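There are 2 protein chains.
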Amino acid sequence: MRTSHNLLNTVKEIPADAVVISHQLMLRAGLIRKLAAGLYTWLPLGLRVLRKVEKITREEMEKVGGLEVLMPALQPAELWQETGRWEKYGPELARLKDRHDRDFCLGPTHEEIITDLARNELKSYKQLPIIYYQIQTKFRDEIRPRFGVMRSREFIMKDAYSFHLDQASLQDTYDAMHEAYTTIFNRFGLKFRAVVADSGSIGGAISHEFHVLADSGEDAIAFSSASTYAANIEKAEALMPTGERPSAIHALTLIDTPQQHSIEELSAFLSIAPKQCLKTLIVKGEQDGSVVALLLRGDHELNTIKAEKIAGVASPLTFANDGEVMRACQCKPGSIGPVGLAITIIADRSVLLMSDFVCGANQDGQHYQNVNWGRDLPVPLHTEDLRTVVTGDPSPDGQGSLTIARGIEVGHIFQLGSKYSGAMKAGIVNEAGKYQTMLMGCYGIGVSRVVAAAIEQNHDERGIIWPTALAPFQVALCPMNMHKSDRLKDSAEQLYHTLLAAGIEVLFDDRKVRAGFMFADMELIGIPHCIIMGDRGLDANTVEYKARTSKEAIDIPLTDIVRFLQEKLAI
Amino acid sequence: MRTSHNLLNTVKEIPADAVVISHQLMLRAGLIRKLAAGLYTWLPLGLRVLRKVEKITREEMEKVGGLEVLMPALQPAELWQETGRWEKYGPELARLKDRHDRDFCLGPTHEEIITDLARNELKSYKQLPIIYYQIQTKFRDEIRPRFGVMRSREFIMKDAYSFHLDQASLQDTYDAMHEAYTTIFNRFGLKFRAVVADSGSIGGAISHEFHVLADSGEDAIAFSSASTYAANIEKAEALMPTGERPSAIHALTLIDTPQQHSIEELSAFLSIAPKQCLKTLIVKGEQDGSVVALLLRGDHELNTIKAEKIAGVASPLTFANDGEVMRACQCKPGSIGPVGLAITIIADRSVLLMSDFVCGANQDGQHYQNVNWGRDLPVPLHTEDLRTVVTGDPSPDGQGSLTIARGIEVGHIFQLGSKYSGAMKAGIVNEAGKYQTMLMGCYGIGVSRVVAAAIEQNHDERGIIWPTALAPFQVALCPMNMHKSDRLKDSAEQLYHTLLAAGIEVLFDDRKVRAGFMFADMELIGIPHCIIMGDRGLDANTVEYKARTSKEAIDIPLTDIVRFLQEKLAI
């Protein structure tokens, strides 16, 4: 296509509410425009990217045997009442009444609708397993829409739903979907991780999130350097350490530590590493009025999700107040320690390898130095995984060590089991002729979100750097000052048509603009491959090639350029 | 694709609310399923048809330089308030409030949104003309959703909007769009007419509707046998007749016509053709209490839209009540006539050629026979086009005569002028450096409606007959009793892959079902070309070919079948 035909809508100004880089670049590059809070119009360039995400997703859904359907966005309340979600779903569900005063919602997801379809259409076990999917507009009345299309009120999802006779079949399809998602994100050309996840409000037991890695990601992910293991950092297990506890060397000492309350203050005051300090946290126990002491190495963070799952600890996790601490430890928080402590103690596993450590002395302004298990206090009987993993921890699957990165959730797969099919009586007649509730899986990809996530992962100070598979155009054709040279104009037109004929998606920048302006636009909109044509090059029968990721252009003979690009594009 | 993979959802039962054939067949063939009143899920087979409509539409929009965008379905009330439509649009506009109590609607159309985009994005006359389009889900809260996807509450539209500096540019784009629409409907393979239309509530002056012809259509269309002239029957002009009025032959006679009130009764009673009778209708005049007599040939129908536009006639057209008729004519309706009538008389043009006609005598139970203009009463001074055209009338453009057919409106193009751009201050700086309001056109195609309209036009008692361009699959491959013959199975599989490789969209019916059942399904879902394979044919190295439109199958050598189909499909 030609830029002269109003295709580009690049701008310089960034509105103040665009705080994340993808939102800024999507506006600057003219991919989207804001209509109202959380509502965006996709401009031609952005829509091209969106369609590529859709196309790759659709192709892989077809490969796993998905049947594409298209369900209404408008959903009757009655179905949501069957599953109880009409009442449970919060104000994020956009609700409305039709002219006959009947209740509807704008679907944020389609479990109820597909389950209704399945219970009507599927009669026999012979039809199972079956996968339905759609690529469709969804609605969520976000309290604070933000980050552009990343957290908007209207967005495009691919949602798939599978129905099964038994758990083995559900697991098979779940695994196939996991693989399809892996293929999809690989085809997008994005760095991503599939992480073990909590399934949240959609329900069910087993689920994985697919995260595009980006420094700006909302979620922290721990993944193995040597395997496919990855988990939301809250979920990753910190294994029992394998080494031996070093022997005690120094004698126990009581020291004054005036005004030193936090581990940071204490370690700085004593000129020791935080990991030499023991952190003691007093939280409420499960029984009314009871408290529990949690022990962690000074450099580790308490993982509240893990802690509140432990028997004896109150859920949600609640820290004891000063009065409760005083009653239990006879001191204020900041000087607590396990030596001589008369309440239940639960120690993080890492604590077991500590020796000659520092901890509070249960007297305000005092700590013990060179504390050792078995000598100064008993080795903790009750150890748990209490902490959030850190970079370098061994991977829970035993392969390699963990790296922590940030990610943007763009996909989520769930085993729903009978959560919806049970409530909605979606069953079939099995081989034995008996009615049986179907099991379900559901599988989502945030199609519009992928576009933003791709930018969060791939950009520089000059603009977007599209992976070729998602780029609105694969190649930019930039003739410099074409309007002053008929020869250049003719050659550029000819090359444009040659590239099109070779099946290359080329954007012909035929605007009457300065070369610098042209290059800046092409870099801003992130076209991965750029051909620069000039009169000087034509004298030598060459054009310049510049990758978006490179600063240097290289000369390529005009006669080689098609083959050169086809190799770059692997077509 | 293979039918065995849950692709078909054909059923025998038709729900009682499916009254039109397209609705019945879409349910029976498994193209759609009802979720709630006016809300349908598109099943895989239906979605394939929908996508073909979209694809052809998109390709032709690209050819006229349309820029594809995607606007939100959710639209803020503020923009609708700018044009006054928030108040004017009736209960068909689905309205809702977000969690912050702000007003939104679900767009039935996008004039406000695109005008807002244009006023923000377009700065200079150099950017004009510009055409934006989208293919998107629309909402209309129909009081009585019916006819399946033909009049549903959620549907897919292609809507395009153009912006212009002047009327000449608007007319150019309008003409190009008219041509693009013609190409689109031709490519669909549908019989259609572009008709001059009223522009209704969207506004503007010039507009055309595109109607798919079908006996079940809601609208009657008059079109020329010899030109492209077509108009909604209400709009088509009945020209002044060109012949001479025959001379009077018989003497005026007053006859008794007891209980003969209607033209049908009267003409039957007198054994004459209705066209020999004069129909006199008394309607209210523009001035309070006044009435007007309208004269029509007995076989013609009053066109109320034409009549109420005439000066002196009340609008909306209102018939006089019995008391008013009695005061004006001294008789009851059924015996009224123009002889000696002392009120304003407006005659339809055709009436001028009547001679020796019958009309009411303004005395209950009596009529005049052999009435003649100029002899028994004055030739009407005031003649108008009062009637609806009938088959055989001369075409208003002077070329050929009119045929009346019924149509389903599937497209509509408008010249909006400055209706929206004026209200929303959408202007640009023109060549002279001055601010100028842009002119607009808008162009819609009811994408989901096209699917239903195609079926209304193309079906028989066995099911749908798809035009090849819209068929979910071009070719059905039906091996008979394949599961009993390995040789047949191998040949069928081989042919299936050969056809796929040849770029033919083939549906392989690999279900373990009886041949009759298979054929019935393929005919119901309307696949245009069917290949039947059997063991007997294989002995002779032939397969059978049957067109959906034909009752007879023909033998084709197996080696020729690909070429044969490619010719049929013109690929």
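Taken in sequence, the protein lines are chains W and U.
Sequential numbering of the first sequence, starting at 1029, is according to this note's numbering.
Sequential numbering of the second sequence, starting at 1029, is according to this note's numbering.
Glycine is no exception: its CB is placed at the ideal position from the N, C-alpha and C atoms.
Every value quoted in this text rests on a predicted model; they were computed, and no experiment measured them.
Can you pull the DSSP bridge partners for Ser1235 of chain U?
U:Phe1442
Determine, using beta carbons only, whether Thr1526 of chain U comes closer than 8 Å to chain W.
no
Hey, Ala1208 of chain W and Lys1091 of chain W: beta-carbon distance below 8 Å or not?
Taking 8 Å as the Cβ cut-off, Ala1208 of chain W and Lys1091 of chain W qualify as a contacting pair.
Please state whether DSSP places Lys1186 of chain U in a helix, a strand or coil.
Reduced to three states, the DSSP call for Lys1186 of chain U is strand.
At least one CB of chain U closer than 8 Å to the CB of Gly1611 of chain W: is that the case?
With chain W covering 1029 to 1599 only, the question about residue 1611 of chain W has no answer from this structure.
For Ile1141 of chain W and chain U, any beta-carbon pair shorter than 8 Å?
yes
Asp1126 of chain W versus chain U: which residues are under 8 Å apart at the beta carbon?
Result: Ala1122, Asp1169, Arg1181.
Could you name the residues of the region 1058-1070 of chain W whose beta carbon sits closer than 8 Å to any beta carbon of chain U, in the order they occur along the chain?
Arg1061, Leu1063, Ala1064, Leu1067, Tyr1068, Thr1069, Trp1070
Sorted by chain position, which residues of the same chain lie with C-beta nearer than 8 Å to Thr1085 of chain U's C-beta, five sequence neighbours on each side aside?
Ile1163, Lys1186, Ile1212, Ile1473, Val1475
Would a check of beta-carbon distances place Gln1464 of chain W closer than 8 Å to chain U?
By this cut-off, Gln1464 of chain W is not an interface position.
I need the boundaries of the alpha helix (DSSP H) containing Glu1521 of chain W, first residue and last residue.
1514-1529
Shorter than 8 Å from the beta carbon of Ala1602 of chain W to some beta carbon of chain U?
No answer is possible for residue 1602 of chain W: the residues shown for chain W start at 1029 and end at 1599.
Is DSSP giving Val1177 of chain W helix, strand or coil here?
helix
Establish whether the CB of Thr1137 of chain U and some CB of chain A are separated by less than 8 Å.
Absent from the structure is chain A; the protein chains it does hold are W and U.
His1033 of chain W: contacting residues in chain U (beta-carbon distance under 7 Å)
Gly1093
Looking at Asn1214 of chain U and Leu1095 of chain W, is the spacing between their C-beta atoms short of 8 Å?
no
Own chain partners of Gly1600 of chain U with C-beta closer than 6 Å, once the 5 adjacent residues on each side are dropped
Because chain U in this structure spans residues 1029 to 1599, residue 1600 of chain U falls outside the shown range and cannot be described.
Given that Pro1043 of chain U touches chain W, what residues does it touch there, using C-beta distances under 7 Å?
The contacting residues do not exist; Pro1043 of chain U stays about 12 Å from chain W at best.
Tell me whether Lys1312 of chain W is buried or exposed, calling it buried when 16 or more other Cβ atoms sit within 10 Å of its Cβ.
buried
According to DSSP, simplified to helix, strand and coil, what is Ser1383 of chain U?
Ser1383 of chain U: coil per DSSP, three-state reduction.
Which bits of chain U does Asn1037 of chain W rub up against, with CB to CB less than 7 Å?
Glu1149
Span of the beta strand (DSSP E) holding Thr1308 of chain W?
Per DSSP, the unbroken beta strand (DSSP E) holding Thr1308 of chain W starts and ends at 1306-1312.
Using only the alpha-carbon positions, how far apart do Ala1499 of chain W and Arg1515 of chain W sit?
30 Å
Name the chain U residues whose beta carbon is nearer than 9 Å to that of Gln1109 of chain W?
Ordered by position in chain U, no residue passes the 9 Å Cβ test against Gln1109 of chain W, which lies about 13 Å from the chain.
The region 1517-1524 of chain W / the region 1490-1507 of chain W touching (three or more Cβ pairs under 8 Å):
yes
What is the DSSP secondary structure of His1557 of chain U, reduced to helix, strand or coil?
strand
Tyr1448 of chain U (DSSP reduced to helix, strand or coil)
helix
Should Leu1323 of chain U and Pro1408 of chain U be called a contact, given that it needs their Cβ atoms to be closer than 8 Å?
yes
Taking one C-beta from the region 1261-1274 of chain W and one from the region 1422-1430 of chain W each time, how about it: are there three or more such pairs within less than 8 Å?
yes
Option nearest Phe1183 of chain W by Cα separation, candidates W:Val1097, W:Met1205, W:Trp1070, W:Lys1579:
W:Trp1070
Residues of its chain near Ile1605 of chain W, where Cβ-Cβ distance is below 8 Å and the 5 sequence neighbours each way are ignored:
The structure shown does not extend to residue 1605 of chain W, since chain W spans only 1029 to 1599, so no value can be given for it.
For a minimum of 4 consecutive residues, which ranges assigned as the alpha helix (DSSP H) are wholly contained in the region 1289-1355 of chain U?
1291-1298, 1332-1336
What number of angstroms, rounded off, separates the C-alpha of Arg1325 of chain U from the C-alpha of Lys1303 of chain U?
Straight-line Cα distance between these residues: approximately 6 Å.
Can you look up Pro1197 of chain W in the DSSP assignment and give me helix, strand or coil?
A small fix is needed here, since residue 1197 of chain W is Ser in this sequence, not Pro. In this structure, Ser1197 of chain W counts as helix in the three-state DSSP scheme.
From Gly1217 of chain W to Ala1497 of chain W, what distance separates their C-alpha atoms?
7 Å
Three-way DSSP call (helix, strand, coil) for Ser1229 of chain U in this model
In this predicted model, Ser1229 of chain U has a pLDDT of only 43, less than 50, meaning its place in the structure is not dependable; the value taken from the coordinates is given anyway. Here Ser1229 of chain U sits in helix by DSSP.
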